[in-house]
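In our numbering, the protein residues as written are 163 to 1140.
Structural data, given as structure tokens:
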């Protein structure tokens, strides 16, 4: 047994509410049943089949209010895998559901049998024709695709609020649109072509000239059936007119029947049907979009009205004036968005009926923006605007920061309101459309209906297109509350259809919660055509049953998930998945959402159940150990849930008293620890490389077994040599700042084989050169930013070092009169923010007076204006660290790099390297997974310099790319050297 084994039972929930009626049943404790597990493993390989109960549970939830536990999860790598799974399912009468980002709001990404992950291996974009078109793989996020297109002044038409996380495949499969897409810029209208796999295994590329000929050979009955339905529709003028009328407003309810009118061949019809089909007709493996111009000149206002109907009545004015977006937010939405960083705090005091319109005009150039401003001003005339709190201006602006803040509040609608709901309640997101001319009337009717059923919903939406969303929270564990929700839904659907002839789903696609009402909206004849379409394309019923078509009138009440209370920090989570693209461990073990999902299932279980034990047994490695702890999930989460902090707390819970005491002892005697570490690195450098690597890997491997693998780092060949024994000599007199070399830069040297100064030497030299000399205190040895202890959850050691560094910094900086410049971004973050909760009251007061400045910020703001650049390299690629994202320092890194290089590139897939101090040495597989996509971009071409701002992140990127990364400050010193 390891010397410092984690405390048994430390991760067991402290309070369980189980057994919950929707808990995973006990017979599922063994995971995927046989022979399913063995057969799929033999077919695909063990690495592509997830079978543990913890795997099944973490894939059981998405952003919707539903939860269905699959029998197995398959990680498909290519079309061959997809075809193999479909063939297997047909032969065994099984069902298949495809899942990408899991951000859909109606349960489309959940299945009860075989669930296929088509996110992990399905990302990538190829920009075509100078950006006018783009070939995109389905696992690519909309944000990632638009980042590549922006360099060409182009953008995708669909612009869902979940662009940070939702994938292009999901956007097409749901015909999601967003703030500006309406009925003309959505996937159906802007798709050039797509490639898909039919349930029978036939692969169709709609851009391939012989596609129809090949489809006729492979699937003759399908082709005949599609053309027969087309003829039937076209022979019925009333039905044809009805179909055309339904798509004059936004509509994603059911299959896209106008595909039969717009397409002239079976392939063209299928191309249209696939859009919005929710994975029920085939798997979309690739899409080609016709892109749109990215108009960068904006003229935007957030306008406040006394009521929801008053705001809705103003919408036609802005539509007529040519606004591209007119977004509505009611008082509940506005008040909830106060939790979003940057939103004015006084919105919390808005009166209960206040409603805002976010109105935006876009133009290609300044002249166009001036014309937009003229039209916007004319539309404002005579409007009844209110300003009940001081932050409201009711004025148009072109300021990018202000505009970004408005959109941040709007896009956080679902997550911010969901985060503010009562703890333990389930969130429902509804999405409907009415003719824009009747929006005000629909708003009044909606408010009346909500009040009648006891709901106080939050309302927001794309008012320009008559498309509103509203959120309801109820207790899915309470049958009476479920019945209340069910009664509301019946009344709401009848109101929308019978009074307004509206769309029950405008852009979120049918999903499980609207499938029972499809015939109500479309009528029996059109609904029957949709059932025929499904049987034609998928005669064996393999793909996603009950997601788009369901004859059970109560299907929308089946599978509703309870939300048991867990740790307070995690309770606001609505499982939206916005955190997942930024998570370093997402392709290795679990994501922040999945960590919370697993925690909730633990609470649903009966204490001591074998299934609970199985979840706990996997959670240590899958959730806690392989969390990088970088907290970038908090930045992506609209309500700021910090799952990294939760995992650090779990690490603390697992520590025994002996382990905590050892960590505190190391903090108190850190000077000796630092010296020993540097000596060990120096000793290793004197041994021949191959011998040293084998020897040190063996020694550290044995120590990991003896102590604990999550505590003792393993030796990595990429580790640099030892730093110089002595730091540069500096003078306190005349210093413009105090320079604090981080302990990592006092222990490790820069990249081997690179001539020139070390980072401390470079920073001292370049500061002196700029006339802003820095002073290094002689007693920095033995101090640290405390991140070593903080990241591992050692509270006692963290308190020791946090207070020591603040007291020392107070003395060094003469009570804060000089800034403290720190040369590692993670250490800057540690001293500036992370130490604060661990300080004594007196030291917290000292900390408030300190000015902590990252060395890259120091260089960009204080040095660059005073330096002459004498030489540059041709190109540099940057790795912005996650700490820089927290600090908002990424632009400073770019500024320094642009002074040193003619071309500066930040990879679109740049993210946390997950080296996280020493976590990359504890779990190298974590860094391998986290850096794979960024490394692929970096190694796809040559660069003259590879720059970052944290030594261990540089080591992580060295390991990932085989290239040598170094500090941007070292490059700056070289560029400005006389």
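For every residue, glycine included, the Cβ atom is placed at its ideal position computed from N, Cα and C.
Closest by C-alpha distance to residue 212, out of 675, 238, 1123, is 238. Around the beta-carbon of residue 1053, fewer than 16 other beta-carbon atoms lie within 10 Å, marking it exposed. Around the beta-carbon of residue 767, 16 or more other beta-carbon atoms lie within 10 Å, marking it buried. For residue 386, the secondary structure class from DSSP, reduced to helix, strand or coil, is helix. Note on residue 593: 16 or more other CB atoms within 10 angstroms of its CB, so buried under the neighbour-count rule.
Residue pairing by DSSP leaves residue 596 without any beta bridge partner. About 18 angstroms separates the Cβ atoms of residue 619 and residue 501, ruling out a contact at the 8 angstroms cut-off. Put simply, of 1099, 1085, 1077, 1032 the residue whose alpha carbon is nearest the alpha carbon of residue 1115 is 1077. Shown here, residue 314 sits in coil according to DSSP, grouped into three states, outside any helix or strand. Residue environment for residue 1003: exposed (fewer than 16 other C-beta atoms within 10 angstroms of its C-beta). In this structure, 441 is the residue among 201, 1024, 441 with its C-alpha nearest to the C-alpha of residue 673. Bounds of any alpha helix (DSSP H) do not take in residue 517; it lies within the beta strand (DSSP E) bounded by 517-525. Secondary structure at residue 283: coil, using DSSP grouped into helix, strand and coil. Looking from the CA of residue 189, the closest CA among 210, 204, 214 belongs to 214.
Beyond the five residues adjoining it in sequence on each side, residue 405 comes within less than 6 angstroms, by CB distance, of 419, 420 in the same chain, given in chain order. Residue 1109 and residue 928 do not touch by the CB rule: their CB atoms are close to 14 angstroms apart, not below 8 angstroms. Distance from the Cα of residue 1086 is smallest, within the candidate group 262, 403, 787, 261, for 787. Counting along the chain, residue 925 sits inside the alpha helix (DSSP H) bounded by residues 921-931. Residue 434 and residue 1094 have their C-alpha atoms spaced approximately 35 angstroms apart. Restricting attention to alpha helix (DSSP H) runs no shorter than 4 residues, the segment 769-800 encloses them at 772-781, 794-798, ordered along the chain.
Going by DSSP, residue 447 is part of the beta strand (DSSP E) stretching over 445-452.
Counting only runs of 3 or more residues that sit fully inside the segment 621-688, the beta strand (DSSP E) segments are 629-636, in chain order. With fewer than 16 neighbouring CB atoms inside 10 Å of its own CB, residue 1007 falls in the exposed class. Per DSSP, residue 805 is one residue of the alpha helix (DSSP H) stretching across 805-816. Your pair residue 448 and residue 297 checks out as a contact, with CB atoms roughly 7 angstroms apart and the cut at 8 angstroms. Taking C-beta atoms under 8 angstroms as the contact rule, residue 794 and residue 753 fail to qualify, at a distance of about 12 angstroms.
Beta-bridge partners assigned by DSSP to residue 399: none are found. A contact is defined here as three or more CB-CB pairs under 8 angstroms, and the segment 526-546 fails this definition with respect to the segment 502-518. Assigned with DSSP and collapsed to three states, residue 1091 falls in helix. In the DSSP assignment, residue 461 falls within the beta strand (DSSP E) that extends over 459-467. Contact between the segment 478-498 and the segment 532-547 is present: three or more C-beta pairs spanning the two stretches fall below 8 angstroms.
Residue range 1130-1138 is occupied by the alpha helix (DSSP H) that includes residue 1132. About 22 angstroms separates the CB atoms of residue 1092 and residue 1018; that is not less than 8 angstroms, and the two are not in contact. Around the beta carbon of residue 756, 16 or more other beta carbons lie within 10 angstroms, which makes this residue buried. Inclusion of residue 1040 and residue 1015 in the CB contact set at 7 angstroms is not warranted, their separation being larger than that value. Secondary structure of residue 1020 (DSSP, three-state): helix.
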